[in-house]
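Working notes, beginning with the structure itself.
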Ligand SMILES: Nc1ncnc2c1ncn2[C@@H]1O[C@H](COP(=O)(O)OP(=O)(O)O)[C@@H](O)[C@H]1O
Ligand SMILES: [Mg+2]
């Protein structure tokens, strides 16, 4: 396969590992900075240039598109799809997964359990909005949060109200959730490739925090996900249309709840914690997709 990895930085661990795994399996792999891809859109065909030269013939594309460039990155990815490349995560699916509200609605509609979530627009409705959720503690999350940086725990009704008002004043988009206290600062990252959880790790928040993100100082250890947890993770990825996804579950008394579905899950933490060649699994899965596409074309 001639394979492109869309990534802003070829030195990042995940990017390097994907290149390495692709070459190990006999493919040609090249890292393309999505912001240096530019395109011609016309009814007679789709063209792409990269740093002054035309590029074409990529059978497969692996997107590693950061949250800050979702829009342009997805346009580039869509152009590759229109030029015939296969990808585990389509531009459509990535855009879907990047929107927390949309993700929650789509998952809940398929009966996938999650912390009860409310959101609203008008400040006049804040008190009633919070009453739809029930008494605190609440977890307030910025819609664009990643790595735990926009996630706040409020323990009193007055705190929930004033955080909501402050965020409104900043024109931020956010949602409010029930706090799952029994998780005790832990969550379960299930790395989904195709229709399988290929690796799973339990992340534990540092003392004094409830956020288990590794970027917040959380620690990770390999664990076996239960059958139930695997099923939920694979279904969540499938509902969003993602062939590669990091599905974060929280272990609640009522069962596994989906916290979020990441369309560009990092490889470093999960490979280090579990010893699984996750990059290799991603390439292997891509080979299957490529074969299928070839069969369809012939
Ligand atoms: N409703 C909740 N109840 C308990 N803990 C939560 C809840 N939501 C998030 N957390 C904790 O906070 C962390 C970050 O939340 P998350 O929704 O994944 O935001 P981010 O996109 O910033 O990672 C989670 O990994 C989890 O440990
Ligand atoms: Mg998270």
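In this note's numbering, the protein residues as written are -14 to 283.
Where is the CB? At the ideal position from N, CA and C, for every residue including glycine.
Contact between residue 246 and residue 225 is confirmed by a C-beta separation of about 6 Å, below the 8 Å threshold. Judged by DSSP secondary structure, residue -1 falls within the alpha helix (DSSP H) whose first and last residues are -2 to 9. DSSP, reduced to helix, strand and coil, places residue 133 outside both helices and strands of the structure shown, so it counts as coil.
Burial state of residue 212 is exposed, judged by a 10 Å Cβ sphere holding fewer than 16 other Cβ atoms.
By the Cβ-count criterion, residue 254 is buried, with 16 or more other Cβ atoms from all chains shown falling within 10 Å of its own Cβ.
At least one heavy atom of ligand 1 lies closer than 7 Å to the C-beta of residue 244. Around residue 184, the same chain offers 176, 255, 259, 261, 263 as residues with beta carbons nearer than 6 Å, after the five sequence neighbours per side are excluded. Using a Cβ distance threshold of 8 Å, residue 274 and residue 103 do not count as a contacting pair. Runs of alpha helix (DSSP H) with 4 or more residues, each lying fully within the region 135 to 216, are found at 142 to 154, listed in chain order. At a cut-off of 7 Å, the beta-carbon of residue 275 does not count as near ligand 1: no heavy atom of the ligand is closer than that.
Here the region -1 to 11 does not lie against the region 23 to 43, with fewer than 3 beta-carbon pairs under 8 Å apart. Its chain contains 185, 186, 188, 231, 233, 255 as the residues whose beta carbon lies nearer than 7 Å to that of residue 174, once the 5 sequence neighbours on both sides are disregarded; these appear in chain order. Listed as beta-bridge partners of residue 102 by DSSP are 162. Under the DSSP assignment, residue 23 falls in the beta strand (DSSP E) whose first and last residues are 22 to 27.
Rounded to the nearest whole angstrom, the C-alpha separation of residue 48 and residue 204 is 27 Å.
DSSP places residue 270 in the helix class (H, G or I) of the three-state scheme. For residue 32, the uninterrupted beta strand (DSSP E) run begins and ends at 30 to 35, by DSSP. Residue 15 is a Cβ neighbour of residue -11, given a cutoff of 8 Å. Counting along the chain, residue 227 sits inside no alpha helix (DSSP H), nor does DSSP assign it H or E at all. In this structure, residue 233 has its CB closer than 7 Å to one or more heavy atoms of ligand 2.
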